[in-house]
């Protein structure tokens with residue numbers, strides 16, 4: 543695992559997180575109402591469970607034998623397809639379609655105690671299939687390889703958390719300090735741009751499959767003999 547692969551992962555996480563969805567709009571709604579304790583607790587609960595998923599799932603992947611290139615090629619193909627599908631889906635969806643899910647999340651996150659809000663975030667993480675797909679499929683396809691030690695997993699997790707801090711801070715801090723709502727047209731533009739970037743990332747991953755260089759370097763497949 544290299545700095546370049548972590549930077550690529552950071553960029554992919556940033557693009558994925560910046561796309562407005564029910565989770566992000568729930569945080570935006572809480573912050574616009576000045577309920578920063580509920581928002582932080584909700585996000586904190588999500589991060590704690592996400593950490594458990596990262597260490598458990600990536601450690602499990604490390605148990606696969608060397609040279610298991612077919613599985614890795616499948617993971618990369620699935621990741622590329624996932625990004626492209628999410629990108630095209632984002633282009634078709636409207637912000638208004640998220641409102642029902644957002645209201646339900648806000649009600650769960652806006653609890654009277656920090657613990658209840660954190661539990662709501664934790665449950666959302668556990669019940670979010672995209673989080674598991676992100677860890678098992680997308681991360682290995684971007685970082686390269688399926689063998690990770692504790693330091694590797696920590697670096698991967700912190701990279702994704704840092705991307706989340708930037709996105710959440712960019713959305714929520716102005717709301718907390720200025721108590722102004724984000725215009726729907728602005729969210730639509732962000733969603734459109736991030737959807738196009740998701741498609742671009744998917745095409746990039748497909749390109750790495752064709753080039754095969756990262757697969758050879760990681761020992762997952764052997765180099766083609768002349």
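Numbering (this note's numbering), first residue to last: 543 to 768. Even glycine gets a Cβ: it sits at the ideal position worked out from N, Cα and C. In this text the structure is predicted, and so the values were computed from the model without any measurement.
Relative to the C-alpha of residue 678, which residue among 685, 594, 684 and 599 is closest?
599
Expressed to the nearest angstrom, what Euclidean distance is found between the alpha-carbon atoms of residue 762 and residue 689?
Per-residue confidence for residue 762 stands at a pLDDT of 47, beneath the threshold of 50, marking its modelled position as unreliable; the derived number appears in the next sentence. Between residue 762 and residue 689, the C-alpha separation is close to 10 Å.
Per DSSP, what kind of secondary structure is residue 627 in: helix, strand or coil?
helix
Report the residue from 743, 627 and 663 whose alpha carbon sits nearest the alpha carbon of residue 683.
743
Less than 8 Å between the CB atoms is what I'm expecting for residue 699 and residue 565, so what's the real figure, rounded?
With 8 Å as the limit, residue 699 and residue 565 do not qualify as a contact, their Cβ atoms being about 18 Å apart.
Report the rounded CA-to-CA distance for residue 556 versus residue 674, giving the unit in angstroms.
17 Å
Is it buried or exposed for residue 559, if we count other Cβ within 10 angstroms and need 16 for buried?
buried
Rounded distance between the beta-carbons of residue 666 and residue 588, thought under 8 Å:
6 Å
Is the Cβ-Cβ distance between residue 551 and residue 695 less than 8 Å?
no
With residue 584 and residue 663 assumed to form a contact (beta carbons below 8 Å), what rounded beta-carbon distance in angstroms separates them?
4 Å
Whole-Å CB distance - residue 713 paired with residue 572, under 8 Å assumed
The Cβ separation is near 11 Å, so there is no contact.
Could you pull out every residue in the same chain whose Cβ sits closer than 6 Å to the Cβ of residue 549, ignoring the five residues on either side in sequence?
none
Could you tell me the distance, in whole angstroms, from the CA atom of residue 553 to the CA atom of residue 658?
32 Å
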